[in-house]
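Using our numbering, read the sequence shown as starting at 1300 and increasing by one per residue.
Here a beta-carbon is modelled for each residue, glycine too, at the ideal position from N, C-alpha and C.
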Amino acid sequence: MKSALAQCLSVPRTGNEASKPPRFLKWRSSKTFIITVVTFAVFTDVFLYGVIIPVTPTALEQRVGLPPNERQRWTSILLALYGAALLAASPIFGYLADKMRSKQVPLIGGLIALGASTALLCVGTNMGLWIAGRIFQGISAAMVWTVGLALAADTVGVNGIGEAMGFMGMAFSAGTMVGPLIGGIVYQNAGYYAVFAVAFALIGVDILLRLIMIEKKDAQKWLDVPELPLSTTEETVQHTQTGEEICTEAPAAVSIPENTTDTANDEPTTPPPKKGTRLPPALTLLAERRMMVVLFGYLVVSILMTSFDSVLPLFVQATFGWEQTGQGLIFVPLLLPHFFDPVFGRIIDRYPTSGRYFAAAALFFSVPVYVLLRLVDHNSTRQKVLLCALLVLVGAGFAGSLCPLFAEVSYVIDAKERNSPDSFNGSSAISQGYGLFNGAFAAGSLIGPVWAGLIRNDYGWGTMAWTLGLLAGVAAIILFFLLGGWIGNRKKGQEEGVTAHA
């Protein structure tokens, strides 16, 4: 048992161990399987975040003992605490993930935190346990999202990032919407603990997938062995402990000095690394205008998405008299458009500059939809149909804006590395890039539930809806002009990232 687990978690470094590849190595290290594992990890994390959304108001009243008039406030506060933990932990795990050799270990660490949070919420009969549970959920999400997105980007490369992130976006949206749906149905028909039984079962499947997965860079130690027939490589392995790593790096180490000494360019290349060591990659990325635009866009989308988490179940309960099943089912219309996320991602891979138009159009055309939500104000069949139709259009706005933002993070990092190779001190910045990206979502999930919950409480559903529409409109204008670089540069062929991906 122990040796099997060690084989999944560790990578041999010596030539003898490298001659014994794990079973099903090619399948376990394939792009398809790795993306599947990361996609399922994202789905699990977000599903467990959402599965207790329809359960929370009733559980806070019946198990914790809150008065009914306090449910909306504490529902929003608990969601905001999740966002605060996510915001605080994301940059930290991004930094640690870039320093760690394996991304599988922090992914499993995130699963442990997720299990702890689920257990706390399961047994929670006082507010302290609910607060701790939501905080642990935020920490888990920081690990999964930061490390998972970075692993996906490393696996597929920059030219396949759009489609891969499309699957991530679909998993995120599916988890966000299916979680409340399943939570509501199971809670109403099977009770409180049955909801957490579903959660623990999903965690069990997730941990199995994460243990089976082998990162491509680890699998390369075995996959490269049959492709090295020369005896000189065997001699090199005998004289070194790092074996194949030195064999692959040696030609580059020889050829680069020869070229640089001939052109007398060796001296000018030495100062940049000294400058690069002054700032960590995260701060270097924050100095990039393109990155700040991406973070702003994701912040806005996060605010819009998480706003519905705190108000939609209570709104349909108050307006239509729906119980937990109905409160869960109402999230389905928001989910449906996200099945097209991989299609959007594939288009962005083929036409990288189309991202700004997808994101801006999706948010711009959702503005009137938010305003029209104010028309839903009483209980009738026509009103229920209207609400579902409007939520489908809102979901389409989310689907069209997520993929371009996911992919743009990799485009920014790739462009920075090509234009200034020493920007990140010779280390990877992909985890820290997605750590910042995840932090933007966290900030949005901190703001969104409080924004929507407080405005609906004090000024009503209609006012809450048009304020969200106003935010979407402002974001659409900014993304149209600035996402991927200033739009004026496109006419001059200067839009960054185009030459690498077009």
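May I ask you to verify whether the segment 1682-1695 touches the segment 1734-1747, counting CB pairs closer than 8 angstroms and requiring at least 3?
no
Flag this pair as yes or no: are the beta carbons of Ala1771 and Leu1598 separated by less than 9 angstroms?
no
When you compare only the Cα positions, how much space is there between Lys1520 and Leu1324?
11 angstroms
Mark Tyr1492 as exposed unless 16 or more other C-beta atoms lie within 10 angstroms of its C-beta, in which case mark it buried.
exposed
Just checking my contact of Gly1468 with Val1345 at CB under 8 angstroms: how many whole Å lie between their CB atoms?
Contact doesn't hold; Cβ gap of about 11 angstroms is too wide.
Hey, could you find the ends of the alpha helix (DSSP H) Lys1398 is sitting in?
Arg1370 to Lys1398
Please return the same chain residues whose Cβ sits closer than 7 angstroms to the Cβ of Gly1654, not counting the five positions on each side in sequence.
Ile1647, Pro1703, Ala1706, Glu1707, Leu1782 and Gly1783
Quick check on this structure: which residue in Thr1424, Phe1607 and Pro1405 has the alpha carbon closest to the alpha carbon of Val1337?
Pro1405
In the DSSP assignment, the alpha helix (DSSP H) including Pro1720 goes from what residue to what residue?
Segment: none, Pro1720 is in no alpha helix (DSSP H) and carries neither H nor E.
Which residue marks the beginning of the alpha helix (DSSP H) containing Lys1402, and which one marks its end?
Counting along the chain, Lys1402 falls outside any alpha helix (DSSP H), and DSSP gives it neither H nor E.
Going by C-alpha to C-alpha distance, which of Ala1415, Pro1580, Asn1488 and Met1512 sits closest to Ala1296?
Examination of residue 1296 is not possible in this model, given that the chain is present from 1300 through 1801 alone.
Is the beta carbon of Ile1351 less than 9 angstroms from the beta carbon of Val1494?
Cβ distance < 9 angstroms, so Ile1351 and Val1494 count as in contact.
Below 8 angstroms on the Cβ atoms is my guess for Ala1498 versus Ile1434; work out the distance and round it to an integer in Å.
That pair is no contact at about 17 angstroms.
Where does Arg1588 land, buried or exposed, given buried means 16+ other C-beta within 10 angstroms?
exposed
According to DSSP, is Ser1609 helix, strand or coil?
helix
Leaving out five residues before and five after Leu1419 in sequence, what residues of the same chain have Cβ atoms less than 7 angstroms from its Cβ?
Leu1428, Ala1431, Gly1432 and Phe1435
What's the call for Leu1371, buried or exposed, on a 16-neighbour Cβ count within 10 Å?
The displayed chain sequence assigns Gln, not Leu, to residue 1371. So Gln1371 counts as buried.
Smallest Cα separation from Val1466: which of Phe1342, Leu1386, Ile1629 and Leu1633?
The identity of residue 1466 in the sequence shown is Phe, whereas the question assumes Val. Of the listed residues, the one whose Cα sits closest to Phe1466 is Phe1342.
Any idea what DSSP makes of His1677, helix, strand or coil?
In this structure, His1677 counts as coil in the three-state DSSP scheme.
Would you mind giving the Cβ-Cβ distance between Val1711 and Val1600, rounded to the nearest angstrom? I have them listed as a contact below 8 angstroms.
Contact flag wrong, Cβ pair sits at about 17 angstroms.
Locate the alpha helix (DSSP H) running through Lys1520, then write down its first and last residues.
Lys1515 to Leu1522
Looking only at its own chain, which residues have a Cβ that is under 7 angstroms from the Cβ of Leu1386, when we skip the five neighbours before and after it?
So the qualifying residues of the chain are Gly1738, Ala1741, Ala1742 and Leu1745.
Alpha carbon to alpha carbon, how far is Gln1403 from Lys1319? Give it in angstroms, no decimals.
Rounded to whole angstroms, Lys1319 to Gln1403 spans 20 angstroms at the Cα level.
Return helix, strand or coil for Trp1621, following the three-state DSSP convention.
coil
Under the rule that 16 or more other beta-carbon atoms within 10 Å means buried, what is Lys1715, buried or exposed?
Looking at its Cβ environment, which holds 16 or more other Cβ atoms inside 10 Å, Lys1715 is buried.
If you draw a straight line from the alpha carbon of Ala1388 to that of Ala1489, how long is it in whole angstroms?
35 angstroms
Does the Cβ of Trp1760 have 16 or more other Cβ atoms within 10 Å, making it buried, or fewer, making it exposed?
buried
Helix, strand or coil for Asp1565? Go by DSSP, reduced to three states.
Residue placement at Asp1565 cannot be trusted, given a pLDDT of 42 that sits under 50; the coordinates are not used to answer.
Could you give the distance in angstroms between the alpha-carbon of Gly1768 and the alpha-carbon of Ser1665?
7 angstroms
Given that a residue counts as buried once 16 or more other Cβ atoms are within 10 Å of its Cβ, and exposed if not, what is Gln1361?
exposed
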